[in-house]
Amino acid sequence: MKINNLFVLVFALVVSSCADNKKSETLFERLSASYTGIDFENTITTNDSINILNYEYLYNGGGVGVGDFNKDNLPDVFFSGNLTSGKLYLNKGALKFEDITSASGINTSGKWTTGVSVIDVNQDGYDDVYLSVGGMGNKSEFPNLLYINNGDLTFTEAAAEYGLADQGESIQAVFFDYDLDGDLDMYLLTGGGFENSAISVRAMQTNGTARNTDRLYRNDYNEKLGHPVFTNVSAEAGITFEGFGLGVSVLDANNDNWPDLYISNDYLSRDLLYVNQQNGRFNEEGLNYFGHMSHFSMGNDVADIDNDGFTDVITVDMLPEDLKRRKLMSGANSYDIFQIALRYGYGHQYMRNMLQHNNGDGTYSEIGQFAGIDKTDWSWAPLLADFDNDGFNDLYITNGFGKDITDMDFVKFRESRSSSFGSGGQLQKAVKDCLVTRPAIKVANYAFKNVDGQSFTKNTEAWGFDEASISSGAVYADFDNDGDLDLIASNINAPAFVYKNILNDSFKLFKSRFKRFKK
Numbered sequence: 000m001k002i003n004n005l006f007v008l009v010f011a012l013v014v015s016s017c018a019d020n021k022k023s024e025t026l027f028e029r030l031s032a033s034y035t036g037i038d039f040e041n042t043i044t045t046n047d048s049i050n051i052l053n054y055e056y057l058y059n060g061g062g063v064g065v066g067d068f069n070k071d072n073l074p075d076v077f078f079s080g081n082l083t084s085g086k087l088y089l090n091k092g093a094l095k096f097e098d099i100t101s102a103s104g105i106n107t108s109g110k111w112t113t114g115v116s117v118i119d120v121n122q123d124g125y126d127d128v129y130l131s132v133g134g135m136g137n138k139s140e141f142p143n144l145l146y147i148n149n150g151d152l153t154f155t156e157a158a159a160e161y162g163l164a165d166q167g168e169s170i171q172a173v174f175f176d177y178d179l180d181g182d183l184d185m186y187l188l189t190g191g192g193f194e195n196s197a198i199s200v201r202a203m204q205t206n207g208t209a210r211n212t213d214r215l216y217r218n219d220y221n222e223k224l225g226h227p228v229f230t231n232v233s234a235e236a237g238i239t240f241e242g243f244g245l246g247v248s249v250l251d252a253n254n255d256n257w258p259d260l261y262i263s264n265d266y267l268s269r270d271l272l273y274v275n276q277q278n279g280r281f282n283e284e285g286l287n288y289f290g291h292m293s294h295f296s297m298g299n300d301v302a303d304i305d306n307d308g309f310t311d312v313i314t315v316d317m318l319p320e321d322l323k324r325r326k327l328m329s330g331a332n333s334y335d336i337f338q339i340a341l342r343y344g345y346g347h348q349y350m351r352n353m354l355q356h357n358n359g360d361g362t363y364s365e366i367g368q369f370a371g372i373d374k375t376d377w378s379w380a381p382l383l384a385d386f387d388n389d390g391f392n393d394l395y396i397t398n399g400f401g402k403d404i405t406d407m408d409f410v411k412f413r414e415s416r417s418s419s420f421g422s423g424g425q426l427q428k429a430v431k432d433c434l435v436t437r438p439a440i441k442v443a444n445y446a447f448k449n450v451d452g453q454s455f456t457k458n459t460e461a462w463g464f465d466e467a468s469i470s471s472g473a474v475y476a477d478f479d480n481d482g483d484l485d486l487i488a489s490n491i492n493a494p495a496f497v498y499k500n501i502l503n504d505s506f507k508l509f510k511s512r513f514k515r516f517k518k
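This is the structure in structure tokens:
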């Protein structure tokens, strides 16, 4: 009887807690910029010269990086911007931040920054910031930036000194120890803007001569300088396949305890899997491991979704969940083009998200549709992490695009060459004028709860993600050190999202009330 009474009382306390604290109705609570101090907005203003016709990657957005720059055990945040200068925010505790960009010495004005990598490059105990630089007209002319942390919340730009001032059209860099010599090397994802070679079916360039070939930089410590100097070893390491890269992750694909690389590529170029040969070289073996892949691969992430000890892979594409949008948009290639691409070695590519389950024997099984995560619209950053602390990695996906250019009516209008439009210049003007009125693709970012390691339940609204946006880069961290993972996402033409995970807030409230009951 006492047990039953205690159960009833505990249940009543939980119900009361939920009634008194409306925050517990969702897992995440969005905090205002006035509270957090994070007011970053990746503003992209278009005109006759700055538009998606002139630069296909205009709305690809910028990345977000997390690091503890002053070693106070509170995660700080850096936002990269395209036409907007990047900003550095210092975590003051309780999810309140201070903009210290000006005082820090980090200045990206006039630079189109994309990816953010936070890493201790010189191994002095302080996190540094490496920024990938791309943008309109960038054909090997704008070097990447490396800001070395001076230990006092100021930074000094030193990319050239460290051998990291790569002048390609960079998207993202990942630092990892590919040769297991104890220092961090760097893989640089290279994309580039729209060009005919991105969509025209042709032989794949695999000899390293294509402008859109990624790079691998080896970390070589320089005794005289007292810090690393990075050397481009792409050709000798076998990094020679072209691609329009939008995502890169480090994983152990064949379970040999050596780091491999998964690269998700947009357009015709297929995703790549570089398998570490343990001798300084990589072999590209994507077609040997994966039966099919996403076609317009955007971001990717790797994690163990079913706790079997093997790393799984997710890639995101641009397939809408809404049936009407699916019927209105242009899709993948025709059957003939698909077969020609197959003969050229591009593999089986389909326009949807892919969840590649690692079978532990050197093969992967694609279970995206089975898991229920295959349609999340024009997606960018997938994040696999345990957001509800139940032991399984859940999934958060950002999405959105500045203009709906995949609508079939607009596609046909853009492709039209009828005489009624006059000269080529007049046609271009007509298309640009039409762009002004084209709507943006704005939908809420997706959230999926991992149910049993194989299937996911869509929890977008249930977890508090109900605001339509054009979101790009995103990060998770325990920003308030309360034992659960919070989220930050960068938005185009809108303030960044800062979401507090209130899982442990509800638990603390229950514990305090239960303690009062026991007394």
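The opening position of the sequence shown corresponds to residue 0 in numbering that gives the first Met the number 0, with each subsequent residue numbered one higher. Note that CB positions come from ideal geometry on N, CA and C, so glycine has one too.
Item	Value
Sequence-distant residues of its chain with Cβ nearer than 8 Å to residue 306 (five each side left out)	390, 391 and 452
N- and C-terminal bounds of the beta strand (DSSP E) containing residue 171	169-175
Nearest-angstrom beta carbon gap, residue 78 and residue 86 [assumed within contact, 8 Å]	5 Å
Own chain residues within Cβ distance below 6 Å of residue 361, not counting five before or after	253
Coil, strand or helix - residue 185 by DSSP	strand
Counted within 10 angstroms of its Cβ, other Cβ atoms place residue 499 as buried (16 or more) or exposed	buried
Cβ shell of residue 403 (< 6 Å), same chain only, five flanking positions each side left out	437, 438 and 440
Buried or exposed by the 16-neighbour rule on C-beta atoms within 10 Å, applied to residue 93	exposed
According to DSSP, residues forming a beta bridge with residue 30	497
Three-state secondary structure (DSSP) of residue 35	helix
The segment 60-72 touching the segment 124-138, judged by at least three CB pairs closer than 8 Å	yes
C-beta contact flag for residue 217 and residue 200 at 7 Å	no
Cβ-based neighbour list, residue 376, same chain, cut-off 6 Å, excluding 5 preceding and 5 following	319, 398 and 442
Cβ-based burial, residue 189 [other Cβ within 10 Å; buried from 16]	buried
Neighbourhood of residue 238 by C-beta, 6 Å cutoff - its chain only, sequence neighbours within 5 removed	213 and 215
Endpoints, the beta strand (DSSP E) within which residue 486 is located	485-490
For residue 314 and residue 353, the rounded distance between their alpha carbons	5 Å
Chain-order list of residues whose beta-carbon lies under 8 Å from that of residue 282 (same chain, five-residue window excluded)	237, 273, 274 and 276
Beta carbon of residue 473 nearer than 7 Å to that of residue 488	yes
Short Cβ contact (7 Å threshold) for residue 80 with residue 114	no
Three-way DSSP call (helix, strand, coil) for residue 320 in this model	coil
Residue 503 versus 225, 386 and 378, residue with shortest Cα-Cα distance	386
Burial state of residue 341 (16 or more Cβ within 10 Å)	exposed
Ranges of the beta strand (DSSP E) found wholly within the segment 274-302, counting only runs of at least 3	281-283 and 299-302
Under 7 Å between C-beta atoms of residue 175 and residue 211	no
CA nearest to the CA of residue 434, picked from 26, 48 and 33	48
Burial state of residue 162, where buried means 16 or more other Cβ atoms lie within 10 Å	buried
Chain-order list of residues whose beta-carbon lies under 8 Å from that of residue 479 (same chain, five-residue window excluded)	92, 93, 94, 485 and 499
Rounded straight-line distance, which links the Cα of residue 44 to that of residue 416	Note that residue 416 scores 45 on pLDDT, short of 50, meaning its location in the model is unreliable; the coordinates nonetheless yield the value given after this. Going by the C-alpha atoms only, they are around 28 Å apart.
Buried or exposed (CB count within 10 angstroms, at least 16 for buried), residue 336	exposed
Outcome for residue 365 when other beta-carbon atoms lying within 10 angstroms are tallied against a minimum of 16	buried
Check whether residue 173 and residue 249 have beta carbons under 7 Å apart	yes
Spatial neighbours of residue 134 in its chain, beta-carbon cut-off 6 Å, leaving aside the 5 residues before and after	111
Extent of the continuous beta strand (DSSP E) run through residue 214	214-221
Integer-rounded CB distance, given that residue 265 should sit under 8 Å from residue 258	Not a contact, Cβ separation roughly 24 Å.
Terminal residues of the alpha helix (DSSP H) in which residue 339 lies	334-342
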